[in-house]
Amino acid sequence: MRLLDRAAVRALLDPDALVEAVATAMIDLSTGRASVPPRVAARVGEIGLLAAMPAYSGTLGVVAAKLLTVYPGNGAVDRPSHQAVIAVFAPEDGSLRALMDGDVVTADRTAAASALSVRALARSDARVLAVLGTGPQARSHALFVAPTRPFEEIRVGGRDPHKVADLVEDLARQGVVARGCTIDGALRDADVVCAATSTLRPLVDLESVAPGAHVVSVGYVPEGREVDPALLTRSQLVVEHRETALAPFPVGSNDLAELVARGKIHPDAVDELGEILCGLRPGRTADDQPTVYKSVGVAVQDAAAAAVVLAAAERTGAGVELAL
């Protein structure tokens with residue numbers, strides 16, 4: 001078994017390879033070549049939860065499972081709200097091949113899928129990118145989404161100006177020039193919005209973004225809402241997996257599930273990202289209609305990222321070999 005810590009995972013997780021692997025995983029999920037049972041979670045009172053997320057991708061030939069904790073209150077004490085570990089198994093005999101840190105994987109595989117949604121759904125003339133949030137997901141989204149369009153302006157919006165400034169400086173070191181803003185300032189007439197927050201009340205509505213904007217929403221906390229219901233009901237909606245996304249929390253998205261239950265959204269009208277990527281459903285259908293990609297995270301994305309990391313580790317000899 002190969003043990004890979006956070007530094008090793010970060011060094012081995014090539015962004016281009018990750019985007020391609022996640023695209024394959026999304027197509028597998030939408031065409032029946034992946035096995036992804038619903039996420040299960042144990043609640044830890046009112047402060048957090050522990051989720052288990054197993055998956056198999058036939059095309060990628062990977063079997064993996066992620067254990068993830070979500071503690072929304074950790075941000076108040078400068079501790080990550082999401083923490084994870086991933087185990088990778090050999091599909092031919094079930095033997096344990098690797099155990100790796102899952103925090104970098106979670107942030108980057110989510111952003112890679114979001115970047116695929118921007119490629120497929122954002123208007124070709126999109127010029128302003130708004131990233132909402134200041135945590136690892138916001139950072140990864142800025143890095144992965146920035147190359148998808150010739151953006152003339154990238155804005156980072158958050159509640160804490162010091163955290164906004166820190167993220168802007170960090171992105172500059174990675175070659176992404178961004179401007180720090182308030183959340184409202186970042187949203188104003190933005191063509192592409194990536195919301196990666198722990199908000200309980202909607203931040204993104206029809207009036208705050210440009211006509212035909214593409215919105216990515218990855219915030220995932222109990223009772224959390226990032227996108228106004230009026231925007232959701234008037235948008236072309238895209239998810240990773242209908243059955244998953246339209247289920248109640250902790251499996252799916254509360255905001256979408258409630259709108260389906262109230263008859264405001266019909267499940268058949270919701271597209272899957274993999275369906276769009278392989279041509280089973282069209283991409284953007286109207287330039288003036290908003291598009292929303294609502295991500296709840298699916299385990300086959302973790303499996304795809306873990307496969308990229310493990311292949312690179314085996315090529316380079318990275319990590320530590322252990323026998324349990």
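Each residue of the sequence shown is one higher than the one before, starting from 1 at the first, in full-length UniProt numbering.
Cβ coordinates follow ideal geometry from the N, Cα and C atoms, glycine included.
Just so it is clear, the structure is predicted and the values come from calculations on it, not from any experiment.
Taking buried to mean at least 16 other C-beta atoms within 10 Å of its own C-beta, is residue i buried or exposed?
i: Thr106; result: buried
i: Ile27; result: buried
i: Thr233; result: exposed
i: Thr316; result: exposed
i: Thr134; result: buried
i: Gln236; result: buried
i: Ala269; result: exposed
i: Pro54; result: buried
i: Ala122; result: buried
What residues match up with residue i in a beta bridge as DSSP calls it?
i: His214; result: Val192 and Thr291
i: Leu132; result: Gly157 and Ala195
i: Gln137; result: The partner list for Gln137 (beta bridge, DSSP) is empty, contrary to what the question assumes.
i: Gly180; result: Val156
i: Glu321; result: Arg2
Could you pull out every residue in the same chain whose Cβ sits closer than 8 Å to the Cβ of residue i, ignoring the five residues on either side in sequence?
i: Pro150; result: Arg127
i: Ile183; result: Leu132, Gly157, Gly158, Arg159 and Leu203
i: Arg139; result: Ala107, Leu167, Asp170 and Leu171
Where do the N-terminal and C-terminal ends of the beta strand (DSSP E) with residue i fall, by residue?
i: Val176; result: Val176 -> no beta strand (DSSP E), and no H or E assigned at all.
i: Leu237; result: Gln236 to Val239
I'd like the list of long-range same chain contacts for residue i, defined as Cβ closer than 6 Å, with 5 residues on each side in sequence excluded.
i: Ala213; result: Asp191 and Pro290
i: Ile276; result: Ala120 and Gly283
i: Ala8; result: Ala318 and Gly319
Please return the same chain residues whose Cβ sits closer than 7 Å to the Cβ of residue i, not counting the five positions on each side in sequence.
i: Asn74; result: Pro80 and Ser81
i: Ser198; result: Pro72, Gly75, Ser81, Gly219, Val221 and Gly224
i: Ala112; result: Leu18, Val19, Val22 and Phe144
Where do the ends of the alpha helix (DSSP H) carrying residue i lie?
i: Arg10; result: Arg6 to Leu12
i: Ile265; result: Here Ile265 belongs to no alpha helix (DSSP H), and DSSP marks it neither H nor E.
i: Arg242; result: Arg242 to Ala245
i: Pro229; result: Pro229 to Thr233
i: Asp184; result: Ile183 to Leu187
i: Asp302; result: Ala299 to Thr316
i: Ser117; result: Asp103 to Leu121
i: Leu273; result: Leu273 to Leu277
Run through the region 25 to 99 for me and flag every whole beta strand (DSSP E) of 3 or more residues, listed as ranges in chain order.
-> 40 to 44, 48 to 57, 62 to 70 and 82 to 89
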